[in-house]
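Residue numbers (numbering that gives the first Met the number 0): 0 to 262.
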Amino acid sequence: MPNTTQPSLSMAEVEQFIEDGFVRLDHAFGTDVARLCLAELWSAMGLSPDRPEEWRQPVVRLGFMTQPPFVEAANTPRLHDAYDALAGKGRWIAPNGLGTFPVRFPSEQDPGDAGWHVDVSFGTDNPDFMQWRANVKSRGRALLMLFLFSDVGPDDAPTRIRVGSHKAIARQLLPYGEQGMTLGELAAGNFGDTESCDEVLATGAQGTVYLCHPFLVHAAQPHRGKEPRFMAQPPLLPRGEFDPALPPSPVQIAIRKACGLEF
Numbered sequence: 000m001p002n003t004t005q006p007s008l009s010m011a012e013v014e015q016f017i018e019d020g021f022v023r024l025d026h027a028f029g030t031d032v033a034r035l036c037l038a039e040l041w042s043a044m045g046l047s048p049d050r051p052e053e054w055r056q057p058v059v060r061l062g063f064m065t066q067p068p069f070v071e072a073a074n075t076p077r078l079h080d081a082y083d084a085l086a087g088k089g090r091w092i093a094p095n096g097l098g099t100f101p102v103r104f105p106s107e108q109d110p111g112d113a114g115w116h117v118d119v120s121f122g123t124d125n126p127d128f129m130q131w132r133a134n135v136k137s138r139g140r141a142l143l144m145l146f147l148f149s150d151v152g153p154d155d156a157p158t159r160i161r162v163g164s165h166k167a168i169a170r171q172l173l174p175y176g177e178q179g180m181t182l183g184e185l186a187a188g189n190f191g192d193t194e195s196c197d198e199v200l201a202t203g204a205q206g207t208v209y210l211c212h213p214f215l216v217h218a219a220q221p222h223r224g225k226e227p228r229f230m231a232q233p234p235l236l237p238r239g240e241f242d243p244a245l246p247p248s249p250v251q252i253a254i255r256k257a258c259g260l261e262f
C-alpha cells in the first residue's frame with residue numbers, strides 16, 4: 000500500500016473528477032483483504048474457482064455483504080481521505096459493507112443488463128425500479144463507487160463510462176427540482192444527450208476503486224475474457240441533505256458548473 004499520510008487525491012485529480020465525472024484510485028484497498036472477500040463471494044454463490052464447468056450464467060448478482068473484510072475494504076484511510084475530498088469532509092456515512100456485486104462470467108450469452116443508465120437514489124420503496132428517482136441535489140447519494148475485487152482488463156467485462164456525462168444529467172434534472180425524475184423518465188431518450196461523450200473502460204488491478212459522480216452514465220458489457228470479474232458497485236451515502244450554508248463539495252461544484260449556476 001502507498002503512504003497514506005499523503006493526500007489520496009491531488010488537486011488536479013479533484014479537478015478531473017469535476018470535469019470528467021470520475022477518478023481512479025489505485026491501491027485503494029489491499030489484495031489480502033480482496034482475497035478474503037473473494038472467498039466469501041465464491042461461498043455465497045455456491046461456486047468454486049476450480050470448477051469452471053459450473054459457471055453457467057453470464058452474471059450472478061449478490062447483495063450487500065457486511066462481513067468484516069468488506070467493511071475493511073470500504074474504509075481504508077486512503078478511501079476515507081478521498082471521500083472527504085470529493086463529497087466534503089464529514090458529509091458522508093462510513094460504509095458498513097459493500098454491494099451489490101454483479102459477478103460476471105465468461106459467456107456467449109447476452110447478460111441482458113448492458114444498457115446505459117445512471118444509478119438513481121430515492122423512492123426505492125417502489126417495487127418498480129424504473130420509478131426510482133434522482134434529483135439535481137443528488138438526494139440520497141454522495142458518490143457512485145466501483146470496487147474491483149479481481150484484476151479487470153479490457154476483455155473482462157469492465158464497466159463502460161461516458162466521460163463528462165454527469166453534466167448532461169445535471170442539466171436534465173435541473174428543471175424538476177426536489178421531486179427530480181424517475182429512471183424511466185431519464186432513460187426515455189436512451190441517454191442520447193451523452194452519445195457524443197468519450198467512452199472509457201473501468202479497468203484496473205485488484206484493489207482499484209473508481210469514485211464516480213452520482214450522475215455519471217455507465218453500462219455493463221458481456222464478458223469476453225477467461226476469468227470471472229468481481230466488482231462491487233455501492234453508493235457512498237450522504238450524512239444529511241444538501242446544506243447551502245456549507246462550502247460546495249466537488250460533487251456539488253460539478254453540478255453547478257454544468258447548470259451554469261454560481262458557486
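Virtual Cβ for every residue (Gly too), placed ideally from N, Cα, C.
Check, Outcome
"Backbone secondary structure at T263 - three-state DSSP", "Residue 263 falls outside the range modelled here, since the chain spans only 0 to 262, and no answer is possible."
"Burial state of K225, where buried means 16 or more other Cβ atoms lie within 10 Å", "exposed"
"Every unbroken alpha helix (DSSP H) inside the stretch 223 to 258 [4 residues or more]", "249 to 258"
"Host alpha helix (DSSP H) of Y82 (start-end)", "76 to 86"
"Extent of the continuous beta strand (DSSP E) run through I168", "First-last for I168: 164 to 172, but that is the alpha helix (DSSP H), not the beta strand (DSSP E)."
"Cβ pair T193, A167 closer than 7 Å", "yes"
"Nearest candidate by alpha-carbon position, reference S106, set A186, L182, R55", "R55"
"Start-to-end residues for the beta strand (DSSP E) that takes in F21", "21 to 24"
"From L200, R255, L46, Q130, residue whose alpha carbon lies closest to that of F21", "L200"
"Alpha-carbon to alpha-carbon, L97 and K136", "24 Å"
"Where the beta strand (DSSP E) through P101 begins and ends", "100 to 103"
"Limits of the alpha helix (DSSP H) - the one that E184 falls within", "182 to 185"
"For E198, the first and last residue of its enclosing beta strand (DSSP E)", "198 to 200"
"Reduced DSSP secondary structure (H/G/I, E/B, other) of A218", "strand"
"Exposure label - S195; buried when at least 16 CB within 10 Å", "exposed"
"Three-state secondary structure assigned by DSSP to I160", "strand"
"6 Å CB neighbourhood of R140 in its chain, flanking five on each side removed", "S120, P213, P234"
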